[in-house]
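Q: The opening residue of the sequence shown carries number 11 in this note's numbering; numbering runs sequentially from there.
Here's a structure for you.
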Amino acid sequence: MTPSRTPSWDAELAAHREGYGRVAGLDEAGRGPLAGPVVAACVLLPLGISLDGVADSKTLTASARVSAFDAIRATALAIGIGKAEAAEIDSLNVLRATHLAMRRAYEACEPRPDFVLVDGLPVPSLPIRHQAIVKGDVTSVSIAAASIVAKVTRDRIMEQLDCENPDYGFAQHKGYPTPEHLAALQRLGPSPEHRRSFEPVRRALGQATFLPQGETMPTLSGARGEALARLYLERIGHRILETDYRSGRYQIDIVSLDDDTLVFVEVKTSSKYIADLSPDIVSYPQRRRIAQAARAFLANYGGTYRECRFDVIEVKLSGKAPRIQHHKGAFDADTADW
């Protein structure tokens, strides 16, 4: 477990100096899973209060998160929870559904904040002035508290969904694309809680064989490769914004945020492992299509970034364990007619 860093009140104090009286933190949990809702929390805390154990929820053990969650609930002036269900994610796409959950969390927070600190990117649909802070769950007490509330709330929802859909293991993996989850998805097909717009689920809809318990079928290689690439990016600190982003006939496998660099990722899955990236692993026409999709993403969601980058992740599935090769900046804007 990564050692936790102690967030500060700096951002909240700066907002108070500008005249805002009720400054809340807003964060979400559950963009990357294949099943279940995305959950957002808006937390309004007494300014400057000491809260032991409040840090980025991803750095805490499950028991530490629950302890911090209980402390936040006992102390907060207000907590609002918002959800976007799997069907809404499929209808809107995961980024817009996340914004919907965040707006619902803000609207459920009583008394209403008059300024909100948001982790990551701006939220266009949020009907209040807000400040987006990259890695805000590490630096702001209010956002860290919101990240804990969102994560614990979502984990408990997934445990309940496990009781309703007992064969998928939701209580263990919380809907994330673990090997066990992908195997159950292939064997059983999607449950009502699965996000059908996500590639592994979409493929399973057409290829699940509904095998008896204990029997397996070969892995859906492309879907598994993309799932492993997402897990890898999260583990190295990327924030996943979109998976299988589509704009017309243009598509990007993963859109992520690496600090304040927006990264467009193409995933290549095969049984071969290439030490040095071949110039034609992403063809020129494909680079242009990726660039067109990237341009559409920026037009749809706005925001300003110091840098955008095009990466390729190779996933080799043969052998005893998958291997990943990450090619950062595999091609640039010029070669893609950006």
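C-beta: ideal position from N, C-alpha, C; glycine also.
Just so we're clear, the structure is a prediction, and the values are computed from it rather than from any experiment.
1) With distances taken Cα to Cα, identify the nearest neighbour of ASP66 among ASP147, ASP100, MET168 and GLN182.
2) Can you list, in chain order, the residues of its chain whose CB lies under 6 Å from that of PRO123, leaving out five sequence neighbours each side?
3) Please report the distance separating the alpha-carbon of ARG249 from that of GLU276.
4) What is the rounded straight-line gap between the Cα of ILE300 and the Cα of GLN196?
5) Would you identify the three-state DSSP class for GLU276, choosing helix, strand or coil?
6) Throw me the rounded Cβ distance for the PHE320 and PHE341 pair, which I believe falls under 8 Å.
7) Identify the continuous alpha helix (DSSP H) that holds GLY146 and give its terminal residues.
8) Have a look at the DSSP bridge pairing and note the partners of CYS318.
9) Short of 6 Å in beta carbon distance, which residues of its chain neighbour THR16, apart from the five on each side in sequence? Order them along the chain.
10) Within 10 angstroms of the Cβ of LEU323, are there 16 or more other Cβ atoms? Answer buried if so, exposed if not.
11) Looking at THR108: is its Cβ nearer than 9 Å to the Cβ of ALA97?
12) State the start and end residues of the unbroken alpha helix (DSSP H) segment that holds ALA115.
13) By alpha-carbon positions, which one of GLU236, GLU120, THR253 and GLU203 ends up nearest to ARG333?
14) Cβ atoms of ASP129 and ILE138: under 9 Å apart, would you say?
15) Do the segment 16 to 30 and the segment 179 to 194 make contact, defined as three or more Cβ pairs closer than 8 Å?
16) In chain order, what residues of the same chain lie with their CB nearer than 6 Å to the CB of SER207, ignoring the 5 residues before and after it?
17) Mind checking whether ALA78 and LEU70 have CB atoms under 9 Å apart?
18) Just tell me which of PRO47, ALA154 and ILE158 has its CA closest to the CA of LEU171.
19) Does DSSP classify PRO263 as helix, strand or coil?
20) For ILE246, count neighbouring Cβ atoms within 10 angstroms of its own Cβ and tell me buried if that reaches 16, exposed if not.
21) Taking Cβ to Cβ, would you say VAL151 is nearer than 9 Å to LEU241?
22) Using the Cα positions of LYS326 and ILE291, report the straight-line distance between them to the nearest angstrom.
23) Using CA atoms only, rank isn't needed, just tell me which of LEU44, GLU38 and TRP19 is closest to PRO189.
24) Does the distance from the CB of ILE167 to the CB of VAL49 come in under 9 Å?
25) Could you tell me the distance, in whole angstroms, from the CA atom of THR226 to the CA atom of LEU198?
26) What span of residues does the beta strand (DSSP E) with VAL48 cover, start to end?
27) Do you know whose CA, among PRO202, ALA160 and ARG83, lies nearest ASP114's CA?
A: Checking against the coordinates, here is how it stands:
1) ASP147
2) ARG32, ALA34 and LEU54
3) 16 Å
4) 29 Å
5) strand
6) 5 Å
7) 146 to 149
8) LEU272
9) none
10) Checking the sequence, you will find Ile at residue 323 rather than Leu. With 16 or more other Cβ atoms within 10 Å, it is buried.
11) no
12) 104 to 117
13) GLU236
14) no
15) no
16) ASP100
17) yes
18) PRO47
19) In the sequence as displayed, the identity of residue 263 is Asp instead of Pro. The answer is strand: DSSP assigns ASP263 an E or B state.
20) exposed
21) no
22) 14 Å
23) LEU44
24) yes
25) Confidence in THR226 is poor, its pLDDT being 37 and thus under 50, which makes the residue's placement unreliable; the coordinate value appears in the next sentence. Distance between the alpha carbons of THR226 and LEU198: 10 Å.
26) 48 to 54
27) Note that residue 114 is Arg in the sequence shown here, rather than Asp. Minimum Cα distance to ARG114 is reached at ALA160.
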